[in-house]
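Structure, as structure tokens:
Numbering (the working numbering), first residue to last: 70 to 398.
Structure, rendered in structure tokens:
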């Protein structure tokens with residue numbers, strides 16, 4: 070069965086949980102929850118606007134997780150958090166005090182200069198996926214001083230260990246942190262595993278073979294195929310690099326391969342799903358929310374993507390069996 074993972078910016082509207090439930094009712098296999106950050110370097114204009122709208126509402130990581138925990142009994146599909154290293158490694162807020170975290174502490178404020186310089190050293194142009202992060206050459210020093218355990222997190226009580234436990238406590242079972250290069254993901258990987266969180270890694274069209282294999286070995290749940298060397302956002306057609314990338318990833322791992330970035334219509338989703346094992350839909354849905362579409366409207370949007378993927382399933386002779394992403398509640 071082709072997987073459908075729609076994206077939803079946490080706290081984008083006061084009733085944002087209703088959108089999540091609408092996605093679930095429409096047949097989503099999992100929902101990717103964006104934890105807003107002030108400098109989402111992989112996200113294009115639409116997701117940036119969605120994050121900005123949520124931040125202007127005053128939401129925090131703590132408030133988003135509290136909303137999810139309150140709705141836990143109504144959520145029956147896995148949830149995957151997507152955010153940036155600043156929030157994970159600067160999280161110094163004890164879990165019990167999370168809802169009261171100041172905004173600049175919860176969302177990281179400005180990005181750490183070392184993080185950006187690390188990407189530039191790896192050759193990633195501004196606004197494009199970090200090569201070291203999504204499978205290109207290692208972005209040495211991308212975490213800067215944070216590479217030293219606890220340098221920013223303050224040691225016990227903060228950092229990825231607490232962050233991952235907070236996610237798990239809220240019912241989240243997966244995590245995507247696109248600006249943490251695999252070479253420096255050891256602490257995060259261990260923290261996620263200890264909390265029962267599957268750390269999903271990304272691969273890009275420029276990822277060399279040996280690094281692709283490493284990503285396949287370390288990723289959990291699925292591998293996120295970034296279809297194009299660009300930021301997220303709607304596009305007129307599926308990038309030509311999507312299918313070759315999916316084939317390369319599938320050659321080095323038995324994990325499902327979900328294709329994201331720029332998938333904007335059910336037809337594009339079907340094309341991508343024929344190459345991979347599913348799709349992530351983000352900007353196309355968030356634009357509708359920003360334009361004022363209701364949860365009922367988005368239920369219909371997601372159902373259309375579901376129908377397109379189901380049609381692909383009917384076309385495929387035999388689908389390779391994959392382990393389910395844990396976290397089904």
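Backbone N, C-alpha and C define an ideal beta-carbon position, used for all residues, glycine too. Keep in mind it's a predicted model, so treat the numbers as computed, not measured.
{"Check": "Here's the rule: buried if 16 or more other CB atoms are within 10 angstroms of the residue's CB, otherwise exposed. What is residue 125?", "Outcome": "exposed"}
{"Check": "Quick one: give me the first and last residue of the beta strand (DSSP E) that residue 294 is part of.", "Outcome": "292 to 295"}
{"Check": "Who are the near neighbours of residue 303 in its chain, counting only those whose CB is closer than 6 Å to its CB and skipping five residues on each side?", "Outcome": "333, 352 and 353"}
{"Check": "When DSSP labels each residue in this structure, what does residue 80 get in the three-state scheme?", "Outcome": "coil"}
{"Check": "So residue 103 packs on residue 116, CB below 8 Å; how close in whole Å?", "Outcome": "7 Å"}
{"Check": "With DSSP collapsed to three states, give me the class of residue 303.", "Outcome": "coil"}
{"Check": "Pairing CB atoms from the segment 326 to 343 with CB atoms from the segment 283 to 298, are three or more of them under 8 Å?", "Outcome": "yes"}
{"Check": "Is the Cβ-Cβ distance between residue 367 and residue 356 less than 8 Å?", "Outcome": "no"}
{"Check": "Okay, do the segment 233 to 241 and the segment 272 to 291 touch, 3+ Cβ pairs below 8 Å being the bar?", "Outcome": "no"}
{"Check": "Whole-angstrom Cβ separation of residue 349 and residue 95, contact assumed at under 8 Å?", "Outcome": "Not confirmed; about 15 Å, so no contact."}
{"Check": "Buried or exposed: which applies to residue 242, given that a residue is buried once 16 or more other Cβ atoms fall within 10 Å of its Cβ?", "Outcome": "buried"}
{"Check": "For residue 379, which of helix, strand or coil comes out of DSSP?", "Outcome": "helix"}
{"Check": "Based on the DSSP secondary-structure assignment, which residues constitute the bridge partners of residue 75?", "Outcome": "350"}
{"Check": "Compare the Cα-Cα distances from residue 384 to each of 344, 359 and 363 and report the closest residue.", "Outcome": "344"}
{"Check": "If you compare alpha carbons, which of 250, 129 and 260 is closest to residue 237?", "Outcome": "260"}
{"Check": "Is DSSP giving residue 224 helix, strand or coil here?", "Outcome": "The predicted position of residue 224 is uncertain, since its pLDDT is 34 and thus under 50; no value can be drawn from it."}
{"Check": "What residue range does the beta strand (DSSP E) around residue 283 cover?", "Outcome": "Premise fails: residue 283 lies in the alpha helix (DSSP H), 278 to 287, not in any beta strand (DSSP E)."}
{"Check": "Less than 8 Å separating the beta-carbons of residue 109 and residue 79?", "Outcome": "no"}
{"Check": "By how many angstroms is the C-alpha of residue 154 removed from the C-alpha of residue 228?", "Outcome": "10 Å"}
{"Check": "What would DSSP say about residue 198, mapped onto helix, strand or coil?", "Outcome": "Note that residue 198 has pLDDT 39, beneath the 50 cutoff, so the model's placement of it is unreliable and no number is given."}
{"Check": "Report the partner residues of residue 150 according to the DSSP bridge assignment.", "Outcome": "102 and 244"}
{"Check": "Leaving aside the five residues before and after residue 143 along the sequence, list all residues of the same chain whose C-beta is less than 7 Å from its C-beta, in chain order.", "Outcome": "90"}
{"Check": "Could you tell me which of 134, 318, 331 and 280 sits nearest to residue 240, measuring between CA atoms?", "Outcome": "134"}
{"Check": "Under the rule that 16 or more other beta-carbon atoms within 10 Å means buried, what is residue 72, buried or exposed?", "Outcome": "buried"}
{"Check": "Do residue 98 and residue 149 have their C-beta atoms closer together than 8 Å?", "Outcome": "no"}
{"Check": "Report the rounded CA-to-CA distance for residue 322 versus residue 289, giving the unit in angstroms.", "Outcome": "11 Å"}
{"Check": "Identify the continuous alpha helix (DSSP H) that holds residue 130 and give its terminal residues.", "Outcome": "130 to 139"}
{"Check": "Can you tell me where the alpha helix (DSSP H) holding residue 328 begins and where it ends?", "Outcome": "From DSSP, residue 328 is part of no alpha helix (DSSP H) but of the beta strand (DSSP E) over 326 to 329."}
{"Check": "May I ask which residues mark the beginning and end of the alpha helix (DSSP H) holding residue 120?", "Outcome": "114 to 125"}
{"Check": "Under 8 Å, do residue 314 and residue 342 count as touching if we go by C-beta distance?", "Outcome": "no"}
{"Check": "Would you mind reading off the limits of the alpha helix (DSSP H) that contains residue 311?", "Outcome": "311 to 319"}
{"Check": "Comparing alpha-carbon positions, which option in 83, 113 and 93 lies nearest residue 129?", "Outcome": "83"}
{"Check": "Quick check: the Cα distance between residue 280 and residue 286, rounded to an integer number of angstroms?", "Outcome": "10 Å"}
{"Check": "Which class does residue 272 belong to by DSSP, given the choice of helix, strand or coil?", "Outcome": "strand"}
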